[in-house]
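Residue numbers (the working numbering): 1084 to 1334. Quick notes on the structure that follows.
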Amino acid sequence: IENIQITGHNYVGGLVGKNDAIIKGCYVTGSVNGTDSSIGGLVGLMSGRTITGCYVSGLVSGIDHVGGLVGYNSGGTISSSYTTASVSGTGNYVGGLVGLSIYGSLTACYATGPVIGGGYSVGGLVGENDYTVWITGCYATGSVSGKRTVGGLVGANLYAGYIVSCYASGSVSGTDVYVGGLVGGNAGYISTCYANGSASGEESVGGLVGYQYSGTIAGCFATGWGNGGAKVGGLMGWNNSGTINANFWDM
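Here it is, written out as structure tokens:
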């Protein structure tokens, strides 16, 4: 579908508003705008099933749960898909590919457009990753800005969220706390990932992760830098709890 102009309230998508089926090899170009939540360039709300080999370009905007491809992913599998869209949300859970993802998986996906969020959980690829979601072999290259818990790849990686072999290269900025080049706030597992963009915020700012309050980070590195008022580090701003193993920072 090309040059669309879609406007709705919630569960708004360029292709499908609410999806419970399989989508393969589809694309959308144009603009998608929602005045509430679950707004996606391809699908607004995804409940299980799969999306494979799809892409979106253009503009996607809403309030909460806003994503370049999918606004809200609940238990779905997304693979070999990408977006170059500019994504903005005035609220929370805003991501270049997916706004909020619970359960399910993302594999071999990427996002390259800028992401702007007005609240918390804002990420270049995924705004928030919860409850055993695997993100594997993915990347984001666009700039990311939000208020708190802002990351170049994922804003918040929580509750058994797994991020493996991924990277982020865009600049990241937050007007409050928990800002990281890769992940803003981590309570999950991050392995063999890296970030090379700068990160700036008020407090708990890191080149890789802004704030870790549990979980594990292993075999990762950052080559960017953190800039903030307090709890600022090349790799991590604040390690409150959890494990850091075989990681490094290098300018």
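Don't be surprised by glycine CBs; every beta carbon is placed ideally from N, CA and C.
Measure the alpha-carbon distance for TYR1222 versus ILE1122 and round it to whole angstroms.
21 Å
When the Cα of LEU1189 is compared with those of ASP1147, VAL1209, GLY1200, which residue comes out closest?
Nearest option by C-alpha distance: VAL1209.
Out of curiosity, what's the CA-to-CA distance linking TYR1094 and SER1171?
16 Å
Enumerate in chain order the residues of its own chain whose CB-to-CB distance from TRP1321 is below 6 Å, with the five nearest sequence positions on each side excluded.
SER1287, TYR1294, LYS1314
Kindly list the residues whose CB is nearer than 8 Å to the CB of TRP1308, restricted to its own chain and excluding five residues on each side of it in sequence; keep chain order.
So the list reads SER1281, ALA1282, GLY1290, GLY1317, MET1334, once near-sequence residues are dropped.
What is the DSSP secondary structure of THR1173, counted as helix, strand or coil?
coil
Given a cut-off of 9 Å on the beta-carbon distance, is the pair LEU1265 and ALA1243 in contact?
no
What do you reckon, are the CB atoms on GLY1159 and ASN1240 nearer than 9 Å?
no
Quick check on TRP1321: does DSSP put it in helix, strand or coil?
strand
With DSSP collapsed to three states, give me the class of ASP1103.
coil
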